[in-house]
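Chemist: In my numbering, the protein residues as written are 4 to 226.
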């Protein structure tokens, strides 16, 4: 299982790939344009990026160059719609680790993902802290007062998003857009349920819960 960012504007292809990768037990976040892809790469850590070169607002090469210029070392698999040596050469020169030409078989995609995930990586871990709460973005483990807390993938993603913005009030709509995705059918009630579960798991008797509610606005995690 790996945490994967998939940047692809073709919704039909994206749906098929998402369904396939989720069957293989990966945690996949999808976005359909380069700007959102860049934002997610700045805000979150992934174990693999699948990046289409033909995005509507900026090229996949530009996304990749920006990611590498900021020190990103996560493996990147580029997708190109043309069997062009120039496209492949440009992508590899910009820092891609592998490429796949559309159309492709899902089994070949899986094989390339497995190969990239087997490669040793060199990016250093980042631990986010809020009082007695510590979240490791690489091992994807959370500890409270030194004791590991088991979170579901979506709970972890919500907590990571808020802990990367200490002191900022995050609205339910912002969480839905950035953790669930803009095409999700989930509602603010979904956020409330997940926050309630997170609080239950992260509450230590005699201490305030790390997630604060700002009534009518959203939620906040203080550093």
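Glycine residues also receive a C-beta, built at the ideal position from the N, C-alpha and C atoms.
1) To test your reading of the DSSP string, which unbroken alpha helix (DSSP H) runs of 4 or more residues are found completely within the region 150-192?
2) Using the three-state DSSP reduction, which class does residue 36 fall into: helix, strand or coil?
3) Residue 10 and residue 46 look like a contact to me (Cβ under 8 Å); what is the Cβ gap, rounded to whole Å?
4) What is the C-beta distance between residue 174 and residue 220, in whole angstroms, given that I count them as a contact (C-beta under 8 Å)?
5) Near residue 213, which residues of its chain fall below 7 Å by C-beta distance, leaving aside the five closest residues on each side in sequence?
6) Can you give me the C-alpha to C-alpha distance between residue 176 and residue 88, rounded to a whole angstrom?
7) What residue range is occupied by the uninterrupted alpha helix (DSSP H) comprising residue 19?
8) Quick one, which of 76, 52 and 70 has its alpha-carbon nearest residue 82's?
9) Under 8 Å Cβ to Cβ from residue 105, same chain only, skipping five residues before and after it: list those, please.
10) For residue 91, which residues of its own chain have a beta-carbon under 6 Å away from its beta-carbon, when the five flanking residues on both sides are left out?
11) Let me check understanding here. Comparing Cα to Cα, which of 29, 195, 181 and 24 lies closest to residue 1?
12) In three-state terms, what does DSSP make of residue 48?
13) So what's residue 211 in DSSP terms, helix, strand or just coil?
14) Suppose the cutoff is 6 Å on Cβ atoms and the five residues either side in sequence are ignored; what does the same chain contact list for residue 12 look like?
15) Distance, Cα to Cα, residue 76 vs residue 160?
16) Suppose the cutoff is 7 Å on Cβ atoms and the five residues either side in sequence are ignored; what does the same chain contact list for residue 79 look like?
17) Distance check for residue 171 and residue 110, CA to CA, integer angstroms please.
18) Considering just the uninterrupted stretch of the alpha helix (DSSP H) at residue 109, what are its terminal residues?
19) Looking only at its chain, what residues have a beta carbon closer than 6 Å to the beta carbon of residue 149, apart from the 5 residues adjacent to it on each side?
20) Considering residue 73, what are the terminal residues of the alpha helix (DSSP H) in which it resides?
21) Taking residue 61 as the reference, give the member of 74, 50 and 39 with the closest Cα.
22) Identify whether residue 221 lies in helix, strand or coil by the three-state DSSP scheme.
Modeler: On the basis of the coordinates in this document:
1) 156-166 and 175-178
2) coil
3) Actually they are not in contact, since the Cβ atoms of residue 10 and residue 46 sit about 14 Å apart, beyond 8 Å.
4) 6 Å
5) 133, 134, 136, 205 and 224
6) 42 Å
7) 14-26
8) 52
9) 16, 82, 83 and 84
10) 102
11) With the chain covering 4 to 226 only, the question about residue 1 has no answer from this structure.
12) coil
13) coil
14) 35, 58 and 59
15) 20 Å
16) 52, 54, 67, 98, 99 and 100
17) 42 Å
18) 109-121
19) none
20) Residue 73 -> no alpha helix (DSSP H), and no H or E assigned at all.
21) 39
22) strand
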